[in-house]
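Enquirer: For reference, each letter of the sequence shown is one residue, going 82 to 290 in this note's numbering.
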Amino acid sequence: MKALIRFLIAVPVAALITILLFLFMVFLISDEFEADEDQPDVVVDIGAVTEDVEFERRRTKVAAAKQVNTPPPAPQIERQAASQPTEAIATIQGAIPKFEAPKLERKDFKITVSDRDAQPLVRIPGQMPPKAEKSGHCRMRFDVGTDGAPFNIDAYSCTDRVFERESVKATSKFKYRPKIVEGVAVNMTGVETKITYRLLDDRGRIIPE
């Protein structure tokens with residue numbers, strides 16, 4: 082019911098507003114537009130003739146190329162063929178003389194090797210024993226066989242007996258050139274050497290013997 086009442090009220094109001102707007106627009110466009118009489122008339126000449134524009138063209142004259150004289154051809158040199166000798170060249174022929182190689186026998190020469198003592202080839206340093214408390218050394222005496230290996234090894238003088246075993250072990254690994262007498266390898270006795278052990282402290286300084 083309320084919706085019907087609202088509809089009946091809204092329709093006349095909307096119609097009234099529409100009529101008022103229409104009358105207002107008619108009032109605005111009722112004034113006539115008067116053109117300005119002082120403006121000059123525009124005259125369009127259809128038969129106007131366009132003027133020709135003359136372009137000036139310049140002709141540049143190219144100078145005639147100078148005639149270049151070609152150089153004369155190189156003179157031809159006549160080569161004369163070398164004349165071959167008419168006389169025969171004498172050739173010398175001869176046989177190569179035969180030489181007999183001398184026969185060498187073992188008894189005619191003898192190679193001798195100079196005598197020498199045993200010479201060291203390989204020396205193994207001794208390892209520091211774990212029980213050693215200071216540096217030390219051992220003096221070794223041994224013999225060298227014909228194969229260059231030491232034998233009869235003796236640690237005859239050591240600063241501490243803790244170094245004896247390692248010194249003998251290191252000496253047994255030495256390698257020598259055997260002693261030569263009149264070209265023959267022989268045993269060499271009484272070879273001596275010294276094996277030294279250096280023990281360091283925590284600061285890297287050597288602890289004396």
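Ideal Cβ placement from N, Cα and C applies to all residues, glycine included.
1) Can we say the region 275-285 touches the region 202-221, given the rule of at least three CB pairs closer than 8 Å?
2) Terminal residues of the continuous beta strand (DSSP E) containing T274?
3) Using beta-carbon positions only, say whether G217 and E263 come within less than 8 Å of one another.
4) Give me the residue from S248, R197, A251, E245 with the minimum Cα distance to M269.
5) DSSP three-state label for S238, please.
6) Where A213 and R258 are concerned, what is the direct C-alpha to C-alpha distance, given to the nearest angstrom?
7) With distances taken from CA atoms, which of D228, I100, L109 is nearest V267?
8) Using only the alpha-carbon positions, how far apart do V125 and V94 sit?
9) Which residue spans inside the region 201-253 form an unbroken alpha helix (DSSP H) run of at least 4?
10) Less than 8 Å between the CB atoms is what I'm expecting for S253 and A236, so what's the real figure, rounded?
11) State the beta-bridge partners of V92 as determined by DSSP.
12) Closest to P201 by CA distance: which of C219, R222, P210, A230 is it?
13) Please report the straight-line C-alpha distance between A251 and M221, rounded to a whole angstrom.
14) Measuring only the C-alpha atoms, how far is N233 from C239?
15) Does DSSP put I110 in a helix, a strand or coil?
16) In the DSSP assignment, what residue or residues form a beta bridge with A266?
17) So what's I98 in DSSP terms, helix, strand or just coil?
18) Do you know whose CA, among I90, L89, A199, lies nearest G271's CA?
19) Does DSSP classify R286 as helix, strand or coil?
20) How many whole angstroms separate the CB atoms of F244 and P211, which I take to be in contact at a CB cut-off of 8 Å?
21) For R197, which beta-bridge partners are listed by DSSP?
22) Quick check on L281: does DSSP put it in helix, strand or coil?
Expert: Here's the rundown:
1) Note that the region 275-285 touches the region 202-221; at least 3 beta-carbon pairs, one per stretch, sit closer than 8 Å.
2) What you label residue 274 is simply residue 193 of the sequence shown in a count that begins at 1. T274 -> beta strand (DSSP E) spans 269-278.
3) Here the question's residue 217 lines up with position 136 in the sequence shown. Here the question's residue 263 lines up with position 182 in the sequence shown. The answer is no: Cβ separation not under 8 Å.
4) Looking up residue 269 in the sequence shown gives position 188. For the set S248, R197, A251, E245, the Cα lying nearest the Cα of M269 is the one of R197.
5) Residue mapping note: residue 238 aligns to position 157 of the sequence shown, counting from 1. Of the three classes helix, strand and coil, the one that applies to S238 here is strand, per DSSP.
6) On the sequence shown, residue 213 is found 132 positions in, with the first residue counted as 1. On the sequence shown, residue 258 is found 177 positions in, with the first residue counted as 1. Cα-Cα distance, rounded: 33 Å.
7) On the sequence shown, position 186 is the one that residue 267 refers to. Taking only the C-alpha atoms, the option nearest V267 is D228.
8) Taking the first residue of the sequence shown as 1, we reach residue 125 at position 44. Taking the first residue of the sequence shown as 1, we reach residue 94 at position 13. Residue placement at V125 is flagged as unreliable, the pLDDT there being 49, under the threshold of 50; a coordinate-derived value is accordingly withheld.
9) Counting only unbroken stretches of 4 or more residues, the alpha helix (DSSP H) elements lying wholly within the region 201-253 are 245-252, in sequence order.
10) Your numbering for residue 253 matches position 172 in the sequence shown. Your numbering for residue 236 matches position 155 in the sequence shown. For a cut-off of 8 Å, the C-beta gap from S253 to A236 is around 11 Å, too long to register as a contact.
11) Sequence index remark: in the sequence shown, residue 92 carries index 11 (1-based). None; V92 has no bridge partner.
12) Working through the sequence shown from its first residue, we reach residue 201 at position 120. The shortest C-alpha separation from P201 is found at A230.
13) As a working note, residue 251 is residue 170 in the sequence shown. As a working note, residue 221 is residue 140 in the sequence shown. Near 10 Å, if we compare the C-alpha coordinates of M221 and A251.
14) Counting from one through the sequence shown, the residue named residue 233 turns up at place 152. Counting from one through the sequence shown, the residue named residue 239 turns up at place 158. When the Cα atoms are used, N233 and C239 turn out to be separated by approximately 17 Å.
15) On the sequence shown, residue 110 is found 29 positions in, with the first residue counted as 1. Reduced to three states, the DSSP call for I110 is coil.
16) Residue 266 sits at position 185 when you count from the first residue of the sequence shown. Listed as beta-bridge partners of A266 by DSSP are I261.
17) Here residue 98 refers to the residue found at position 17 of the sequence shown. Under the three-state reduction of DSSP, I98 is assigned to helix.
18) One-based indexing of the sequence shown puts residue 271 at position 190. Ranking I90, L89, A199 by Cα distance to G271 puts A199 first.
19) For the purposes of this step, residue 286 is taken as the residue at position 205 of the sequence shown. Coil at R286, not helix or strand.
20) The count along the sequence shown starts at 1 and reaches residue 244 at position 163. The count along the sequence shown starts at 1 and reaches residue 211 at position 130. The beta-carbon distance between F244 and P211, rounded to whole angstroms, is 12 Å. This is too long to meet the 8 Å contact definition.
21) On the sequence shown, residue 197 is found 116 positions in, with the first residue counted as 1. Looking at the DSSP assignment, R197 forms a beta bridge with I261.
22) Here the question's residue 281 lines up with position 200 in the sequence shown. Look at L281 here: in three-state DSSP terms it is strand.
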